[in-house]
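**Student:** In order, the protein sequences belong to chains A and B.
In this text, residue positions in the first sequence follow the numbering used here: the first is -14, and each later residue adds one.
In this text, residue positions in the second sequence follow the numbering used here: the first is 2, and each later residue adds one.
Beta carbons are placed, not taken as given, at the ideal position from N, Cα and C, and that holds for glycine.
Please read these numbers as outputs of a predicted model, since none were measured by experiment.
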Amino acid sequence: MRLIDLLSLIADNLGRRKGRVALTAIGVVIGTAAVVLLVSLAIGLQQNATSQLWGIDDLTRIDVSPGYSEGPVISGRGGVVAVSELGGGMQVKNLTPAAIDEIASLPGVEHVIPRDYLWGGGTMRYGRLENYPSIMGVGTNDLSVFGYQLREGSLQLERGTAVIGHWIAQNWYDPKARPGDGQPEQPDLVGKTVTVTLMKWAEDGTMIEKKVQVRVVGILAEQRSEADGWMFMRLDDVTAYNEWFQGKRINRNKDGYPMLVVKASDPDKVIEVAEQINNMGFMASTPQSVVEGINSFFTVLQITFGGVGAIALLVAAIGIANTMTMAILERTREIGLMKAIGATNRDVLTIFLGESAGIGFIGGLGGIAIGWVGGELLNILARTYLSSQPSYGMGGQLTASTPTWLLLFALVFATLVGLISGLYPSVRAATLVPVTALKYE
Amino acid sequence: MDSQTSQPFIQIRDLRKTYVMGRNKVHALDGVDLDIEFGSLTVVMGPSGSGKSTLLYLLGGLDRLTSGRIHVDGQALEQMDENALAVYRRRVVGFIFQSFNLMPTLTALDNVAFPMRFSGIAPKARRKKAFELLKQVGLEKRALHKPTELSGGQQQRVAVARALVNDPKLILADEPTGNLDTASGFAIMQLLSDLHRAGRTVLVVTHDPRMLQFATNVIYLLDGKTVSQAEYEAASTFSQPQEITEGNS
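1. Count the other CB atoms, across all protein chains shown, that sit within 10 Å of the CB of D175 (chain B); report buried if there are 16 or more and exposed otherwise.
2. Quick check: the stretch 392 to 403 of chain A against the stretch 338 to 348 of chain A, are there 3 or more CB pairs under 8 Å?
3. Contact check, L171 (chain B) vs V45 (chain B) under 8 Å by CB: the rounded distance?
4. What are the residues that DSSP puts in a beta bridge with E188 (chain A)?
5. Based on the DSSP output, what are the partners of G107 (chain A) in its beta bridges?
6. Given that a residue counts as buried once 16 or more other Cβ atoms are within 10 Å of its Cβ, and exposed if not, what is N(-2) (chain A)?
7. By DSSP, does F101 (chain B) sit in helix, in strand, or in coil?
8. DSSP three-state call for W229 (chain A): helix, strand or coil?
9. Kindly indicate which residue of B:L151, B:M212 and B:R198 has the alpha-carbon position closest to the one of G40 (chain B).
10. Between V58 (chain A) and G266 (chain A), what straight-line distance do the alpha-carbon atoms span, to the nearest angstrom?
11. What residues are listed by DSSP as bridge partners for R28 (chain B)?
12. Can you check DSSP and say which residues form a bridge with E141 (chain B)?
13. Check for me: the alpha helix (DSSP H) holding D428 (chain A) runs from which residue to which?
14. Taking 8 Å as the cut-off, is the C-beta of R163 (chain A) nearer than that to any heavy atom in the ligand MN?
15. Taking only beta-carbon positions, decide if R331 (chain A) is within less than 9 Å of chain B.
16. Closest to F96 (chain B) by CA distance: which of A:L322, A:V223 and A:A415 is it?
17. Going by DSSP, what residue range makes up the beta strand (DSSP E) through G122 (chain A)?
18. Just verifying my parser: in three-state terms, what is the DSSP assignment at V65 (chain A)?
19. Is there a Cβ from chain B that is less than 9 Å from the Cβ of D(-3) (chain A)?
20. Starting from D86 (chain A), follow its DSSP beta bridges and name the residues at the other end.
21. Ignoring anything shorter than 4 residues or poking outside the stretch 55 to 110 of chain B, list the alpha helix (DSSP H) runs there in chain order.
22. Please report the distance separating the alpha-carbon of L114 (chain A) from that of A206 (chain A).
23. Can you tell which of A:T180, A:N238, A:K424 and A:D159 has its C-alpha closest to the C-alpha of I85 (chain A)?
24. Can you list, in chain order, the residues of its chain whose CB lies under 7 Å from that of G61 (chain B), leaving out five sequence neighbours each side?
25. Taking C-beta pairs closer than 8 Å, name the residues in chain B that G345 (chain A) reaches, listed in chain order.
26. Note the first and the last residue of the continuous alpha helix (DSSP H) segment covering A162 (chain A).
27. Helix, strand or coil: which one does DSSP assign to R413 (chain A)?
28. If you follow the alpha helix (DSSP H) that A342 (chain A) is in, where does it begin and where does it stop?
29. Taking Cβ-Cβ distances shorter than 7 Å, what residues in chain A pair up with Y58 (chain B)?
30. If I measure Cβ to Cβ from K254 (chain A) and keep anything under 6 Å in the same chain, skipping five residues before and after, which residues do I get?
31. How should G294 (chain A) be labelled, buried or exposed, when 16 other C-beta atoms within 10 angstroms of its C-beta is the threshold for buried?
32. For a contact meaning CB atoms closer than 9 Å, what does R90 (chain B) contact in chain A?
33. State the DSSP-derived secondary structure class of S194 (chain B), mapped to helix, strand or coil.
34. Note down the Cα distance separating G381 (chain A) from I28 (chain A), rounded to an integer number of angstroms.
35. By how many angstroms is the C-alpha of S270 (chain A) removed from the C-alpha of R62 (chain A)?
36. Applying the 10 Å Cβ sphere with the 16-neighbour rule, what's the burial state of K196 (chain A)?
As structure tokens, then:
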């Protein structure tokens, strides 16, 4: 039997029973629409979540922390890294300059930048305005290494200068303001000098202050990452402040740095480099591993949502099986006739399988149309609702996202569901004894 | 004409067909031996339950025999698998049924063309051939009518045309006039007789004695066995008074 004849015969047969085919297909429509809509929702949520991840702007970045482990730490090359003993048998492998060199020598590593926080409190003053920045010392003179975008000024750090994040630049307040005065006008700081007051307590409980003058050389544009809340200074400045806090010198060869930022030459090498760093006994985390974790969560969510829709499809499948079984009972004589005029068992099997797959296909077409339209409606509703919520920050984001592969998959899946549901009735039809079928009343 | 001249077109030997009905076994055919020559018009006579329809279905490859041998045109039906039987039905046999068995949703033309779908013939060629056959049975003007718009006689003529689409050597007709009035029944028998004269082997199963005038060969069946005309008539006479009594009452 030629394919074109088979398809036209299937279409004719389905067309003969429009009402019943439509009713059966409605079950498939609902199931497919549910699969498409729910999986679209899960994909939309995933896209929302990943697009709003903070600090995922730089896929070549690896954050490295000291390695903590129980028992002796296997050191890298000939014991070049310092190992400290912590309480309870815990050992820490510090990020010393030697470790930095070791990491920097790994293939695929472009930069290794140590960072350190200010270990005490600091108040920043400009005129009558005050601010409480978090100060971060970075072991580079050029912040462009981090890929930060500048709003104003420069990313080049010198001693006694700072680049401040978006939030810091907008968080000046007037300590003498009265309630209801609102936020004061934010100063334009580029090129200006601010006073940073460091505070510590002496053993006798008195507060000791140290005032340092810092010139602001640049203000970052909003990064939507941790950088928005930092005031970046040179590491040697911050180390000097920390030594003042501690009252003693910091030996980096022994104590190391609390964190390194490693930049890989290529996003594709990040995972490999991170693994190598982990193997060296440090703790490397990458935005990619965060994204992977989130993606695997949403994959589970997609499967779960898809599964809910698949249950609806399963019910539809039983409907198809029932319809086909009834059709075969009603058309027993027709099957007998087909066999009498030369149809093989395989012809009959193909015709009935084709009919049930056809019901699945028709239902699948309707389902993907309704699922897609439903997703779009959901997006319109979400946009309308979210835009009425002041400064929620999600305006314009999609709630449901329907990729083409999902539509194709749903259509193929619905057709397969039809095909499989028709398997039992079709085999029954194909194996009918012709004479019994012809005599069937 | 038949190339297998050394052997009859149909050769049946010790043919048995047994149906199991619950705990009972019914011997529909109980050791039938038959030879039917190519190009003959054979009428199989027998009352209900004599096994005549069973014989026709076995000859047509629509059912499986229990034991024995059926050779048609040199092919041993008892050795064929389902697929081979389907091909045999498609190539060798044309069926005509008492209840016509037309597809109610198709036109006369499409009904005739329907079997050709399984032979892989292109739609245009199918319709052309179907129309020619409808013309042959005198229904070219009704080609686009559906079965419900045709009389019984016309429907059976469509069925005859359909039986001819694959140009079969053997036409098997199961009570072809059973559902028809006298005139229509006669016309159908005339048509079958024409087919026989055109060189086909025709086998008609009936219990209507009027069909005998067209036959070149008559087989009488009683209780699953072939009998002579005398035996058949004796059996029919035996049962006749009762029928007349019933008819007159």
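**Tutor:** Straight from the coordinates:
1. Reading the second sequence from its first residue, position 174 is the one you call residue 175 (chain B). Result: buried.
2. Yes: at least three Cβ pairs fall under 8 Å.
3. The residue given as residue 171 (chain B) occupies position 170 in the second sequence. The residue given as residue 45 (chain B) occupies position 44 in the second sequence. With a Cβ gap of about 13 Å, L171 (chain B) and V45 (chain B) do not count as contacting.
4. Along the first sequence, read from residue 1 onward, the residue named residue 188 (chain A) stands at position 203. Under DSSP, no beta-bridge partner is assigned to E188 (chain A).
5. As a working note, residue 107 (chain A) is residue 122 in the first sequence. DSSP, once it has assigned bridges, lists A:L183 as partnering G107 (chain A).
6. The residue labelled residue -2 (chain A) in the question sits at position 13 within the first sequence. Under the 10 Å beta carbon count, N(-2) (chain A) is surrounded by 16 or more other beta carbons and is classified as buried.
7. The sequence position of residue 101 (chain B) within the second sequence is 100, counting from 1. DSSP places F101 (chain B) in coil when its eight states are reduced to three.
8. Taking the first residue of the first sequence as position 1, residue 229 (chain A) is located at position 244. Reduced to three states, the DSSP call for W229 (chain A) is helix.
9. Sequence index remark: in the second sequence, residue 40 (chain B) carries index 39 (1-based). Closest by alpha carbon: B:R198.
10. Position 73 of the first sequence holds residue 58 (chain A). Position 281 of the first sequence holds residue 266 (chain A). Confidence at V58 (chain A) is low in this model, with a pLDDT of 47, below 50, so the placement of that residue is unreliable and no value is reported for it.
11. By 1-based counting over the second sequence, the position of residue 28 (chain B) is 27. Looking at the sequence shown, residue 28 (chain B) is not Arg but His. Paired residues: B:T19.
12. Mapped onto the second sequence, residue 141 (chain B) falls at position 140. Note: E141 (chain B) sits in no beta bridge, so no partner.
13. Limits of chain A in this structure are -14 at one end and 426 at the other, which puts residue 428 (chain A) out of reach.
14. With respect to small molecules bound, the structure shown includes none, and the ligand MN cannot be examined in it.
15. Residue numbering aside, residue 331 (chain A) sits at position 346 when the first sequence is read from its first letter. Output row for R331 (chain A): interface = yes.
16. Within the second sequence, the letter at position 95 stands for residue 96 (chain B). Of the listed residues, the one whose Cα sits closest to F96 (chain B) is A:L322.
17. Residue 122 (chain A) sits at position 137 when you count from the first residue of the first sequence. Here the beta strand (DSSP E) through G122 (chain A) covers S119 to V123.
18. Taking the first sequence and counting its residues from 1, the one referred to as residue 65 (chain A) is at position 80. Confidence is the limiting factor: at V65 (chain A) the pLDDT is only 40, short of 50, which leaves the residue's position unreliable, though a coordinate-based value still follows. The answer is coil: DSSP assigns V65 (chain A) none of H, G, I, E or B.
19. Along the first sequence, one-based indexing puts residue -3 (chain A) at 12. Answer yes: the Cβ-Cβ gap between D(-3) (chain A) and chain B drops below 9 Å somewhere.
20. Working through the first sequence from its first residue, we reach residue 86 (chain A) at position 101. Bridge pairing for D86 (chain A): absent [DSSP].
21. Runs found: 83 to 92.
22. In the first sequence, counting from the first residue as 1, residue 114 (chain A) sits at position 129. In the first sequence, counting from the first residue as 1, residue 206 (chain A) sits at position 221. If you draw a straight line from the Cα of L114 (chain A) to the Cα of A206 (chain A), it is about 21 Å long.
23. Your numbering for residue 85 (chain A) matches position 100 in the first sequence. Of the candidates A:T180, A:N238, A:K424 and A:D159, the one whose C-alpha sits nearest the C-alpha of I85 (chain A) is A:N238.
24. Within the second sequence, the letter at position 60 stands for residue 61 (chain B). R90, V94, F96 and L173.
25. Here residue 345 (chain A) refers to the residue found at position 360 of the first sequence. Here the premise fails: no neighbours, minimum Cβ distance about 23 Å.
26. Position 177 of the first sequence holds residue 162 (chain A). Neither: A162 (chain A) is in no alpha helix (DSSP H) and is coded neither H nor E.
27. Residue numbering aside, residue 413 (chain A) sits at position 428 when the first sequence is read from its first letter. Helix, per DSSP.
28. Stepping through the first sequence from its first residue, residue 342 (chain A) is reached at position 357. Taken as a continuous stretch (DSSP letters only), the alpha helix (DSSP H) holding A342 (chain A) covers N330 to S372.
29. Here residue 58 (chain B) refers to the residue found at position 57 when the second sequence is read from its first residue. Neighbourhood of Y58 (chain B) in chain A, by CB distance below 7 Å: V420, in chain order.
30. If you number the first sequence from 1, residue 254 (chain A) lands on position 269. The residues are G93.
31. For this step, residue 294 (chain A) is matched to residue 309 along the first sequence. For G294 (chain A), the number of other beta carbons within 10 angstroms of its own is at least 16, and it is reported as buried.
32. Stepping through the second sequence from its first residue, residue 90 (chain B) is reached at position 89. Against R90 (chain B), the close residues of chain A are K324, A325, I326, G327, A328 and P419, in the order they occur along the chain (beta-carbon pairs closer than 9 Å).
33. For the purposes of this step, residue 194 (chain B) is taken as the residue at position 193 of the second sequence. DSSP places S194 (chain B) in the helix class (H, G or I) of the three-state scheme.
34. Within the first sequence, numbered from 1, the residue matching residue 381 (chain A) stands at position 396. Within the first sequence, numbered from 1, the residue matching residue 28 (chain A) stands at position 43. Its pLDDT being 47, under 50, G381 (chain A) is placed unreliably by the model, and the measurement read from it follows with that caveat. Those two C-alpha atoms are separated by around 16 Å.
35. Position 77 of the first sequence holds residue 62 (chain A). Position 285 of the first sequence holds residue 270 (chain A). Only weak support is given to the placement of R62 (chain A): the predicted model assigns it a pLDDT of 41, under 50, and the question is left unresolved by the model.
36. Translated into the one-based positions of the first sequence, residue 196 (chain A) becomes position 211. In summary, K196 (chain A) is exposed, with fewer than 16 beta-carbon neighbours lying within 10 Å of its beta-carbon over all protein chains present.
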